[in-house]
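What follows is one structure encoded as structure tokens, with my remarks underneath.
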Amino acid sequence: MELQLATAEKPLTFSELRERVGIRDTGRFNYHLSKLRERFVRETDDGYDLGHAGERVILAASDVDPEIARARAEAPESTADEVCPVCNETECNRLIHVHLTNR
Numbered sequence: 639m640e641l642q643l644a645t646a647e648k649p650l651t652f653s654e655l656r657e658r659v660g661i662r663d664t665g666r667f668n669y670h671l672s673k674l675r676e677r678f679v680r681e682t683d684d685g686y687d688l689g690h691a692g693e694r695v696i697l698a699a700s701d702v703d704p705e706i707a708r709a710r711a712e713a714p715e716s717t718a719d720e721v722c723p724v725c726n727e728t729e730c731n732r733l734i735h736v737h738l739t740n741r
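Going by this note's numbering, the sequence shown wraps up at 741, each residue one higher than the last.
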């Protein structure tokens, strides 16, 4: 679930998140989401997003260089001409990039 939130471009509604995770049972999904909301996921007016602890978990589990992620978080708003040091795309506003590998 945290991975789905980390890769989302905006907060996800309950239904959007449930569909991305692939859990049909609404009650079961709500139970697990409520457990994550205690520490890792925050609920906003627009939906669900990663909280600070959730971001740290994703960052620790991914292959993103923590120094690059920290620099991105502390950098002023980027200009349209800047290139993201992680994904090499222009106009990238993501703080966390998740790269999955088959192991």
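Every residue, glycine too, gets a C-beta built ideally from N, C-alpha and C.
Start and end of the alpha helix (DSSP H) containing residue i?
i	result
glutamate 681	Per DSSP, glutamate 681 belongs to no alpha helix (DSSP H); it is in the beta strand (DSSP E), 679-682.
arginine 666	664-675
What is the DSSP secondary structure of residue i, counted as helix, strand or coil?
i	result
leucine 643	helix
leucine 688	strand
serine 716	No answer about serine 716 holds up, because its pLDDT of 45 lies below 50 and its placement is not dependable.
threonine 651	coil
When the Cα of residue i is compared with those of the options, which residue comes out closest?
i	options	result
phenylalanine 652	Ile696, Asp663, Glu693, Tyr686	Tyr686
glycine 692	Glu681, Arg677, Asp684, Asp683	Arg677
threonine 645	Leu688, Thr682, Ala698, Leu671	Leu688
Are the CB atoms of residue j and residue i within a distance shorter than 8 Å?
i	j	result
glutamate 696	glutamate 647	Before going further, note that residue 696 is isoleucine rather than glutamate in the sequence given. Against a cut-off of 8 Å, the Cβ pair of glutamate 647 and isoleucine 696 comes out as no contact.
phenylalanine 667	valine 659	yes
threonine 664	arginine 675	no
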